[in-house]
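Student: Sharing a structure below in structure tokens format, with a few things to ask.
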Amino acid sequence: MRRDDVIAGLRAFAPLSVGVVPFALITGITAVNAGITPLQAVWMSVVVFAGAAQLAVIELVGRDAPLAIVVLTAVVINLRFTMYSASIAPYFRKESTVRQWVGAYILTDQAYALSIAEYRLDDAESRSGIGFYFGAAAGLWVVWQIGTAVGALLGASIPAGLSLEFAVPLTFMALAFPAIEGRMTAAAAAVAAAVAVLAVPPPFNPALLLAAAAGIGSGLVLEHRAGSFP
């Protein structure tokens, strides 16, 4: 793992921290307001480390939802990481098992998007696959843990008028827009966005999976049609 690659990953993540910090604060604040102690909120953030799933689980716990619903919701929301793993796995084949497991633990939407974009720009053999990834992912992990802890400790002391929720969609928009290249990817993104908005809401929150399937499916159909008409 080269130091330059790690630093490059940290630098790539740095602009996104502007959106990650409010996201983490919201998670910590929501946990405390749902009746979870600050220590439990911090421990959950360390063990689970999955922003969207953490928020969903916290809300369900606050509503006294059955444990089976809580677990199933978290699993469904995090199933998207199986797609991320399959996509990025080729760049980690030469790494040790320990590094692969640690890399899996710190996998996030942001780390994946930044890393896969970087690896597509450079020859995989000329770059340490896990160095850039670890820089971006570990940087996010540190910022997330600190932000969640601060939010949990401050809790209700943060003014209600300070609306931080806007940062959550902005964080993901900052990742999605640069990845849209050409009309086909734009159309696939539009289909996925529409399905995500129109999909059935919780308890199982299938919107993410349905949107991903719809986006991938529409992209494949468009690519096939484009190939059929030279």
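Numbering (this note's numbering), first residue to last: 3 to 232.
For glycine and all other residues, C-beta sits at the position ideal for the given N, C-alpha and C.
Note that this is a predicted model, so its numbers are computed, not measured.
1. The ligand NAD heavy atoms versus the CB of V193: any closer than 7 Å?
2. Under a Cβ-count criterion, where at least 16 other Cβ atoms within 10 Å of its own Cβ denotes burial, should S47 be classed as buried or exposed?
3. For V90, tell me which candidate among A115, G157, M3 has the shortest Cα-Cα distance.
4. Could you work out which residue in A54, V34, R95 is closest to I132 when comparing CA atoms only?
5. Out of T32, A26, I118, state which residue places its alpha-carbon closest to the alpha-carbon of G157.
6. Thinking C-alpha only, which one of A52, R4, V193 is nearest V78?
7. Please list, in chain order, all residues of the same chain as G105 whose beta carbon is under 8 Å from its beta carbon, the five residues on each side excluded.
8. With a threshold of 16 other CB atoms inside 10 Å of the CB of I60, please say whether the residue is buried or exposed.
9. Around the Cβ of V50, are there at least 16 other Cβ atoms within 10 angstroms (buried) or fewer (exposed)?
10. Quick one: Cα of T39 to Cα of M186, how far?
11. Can you tell me the Cα-Cα spacing of E120 and T84, whole angstroms?
12. So G26 is in the alpha helix (DSSP H); what residue range does that whole segment cover?
13. If you run the structure through DSSP and keep just helix, strand and coil, what is R237?
14. Taking Cβ positions, are T75 and L57 nearer each other than 8 Å?
15. Once you ignore the five residues that flank V44 on each side, which residues in its own chain have a CB closer than 7 Å to its CB?
16. Alpha carbon to alpha carbon, how far is G141 from I9? Give it in angstroms, no decimals.
17. Any idea if P232 is buried or exposed, counting beta-carbon neighbours within 10 angstroms, 16 or more meaning buried?
Tutor: Let's see:
1. Looking at this structure, you won't find the ligand NAD or any other ligand, since it has none at all.
2. buried
3. Note that residue 90 is Ile in the sequence shown, not Val. For the residues A115, G157, M3, the minimum Cα distance to I90 belongs to A115.
4. R95
5. T32
6. A52
7. F94, E97, I132, Y135, F136, A139
8. buried
9. exposed
10. 47 Å
11. 20 Å
12. Going by the sequence as given, residue 26 is Ala instead of Gly. Note, A26: alpha helix (DSSP H), 19 to 35.
13. Only positions 3 to 232 of the chain appear in this structure, which leaves residue 237 out of reach.
14. no
15. T150, A151, A154
16. 10 Å
17. Low confidence applies to P232: its pLDDT is 44, below 50, so where it sits in the model is not reliable, and the reading given next is rough at best. The residue in question, P232, is exposed, as its Cβ has fewer than 16 Cβ neighbours within 10 Å.
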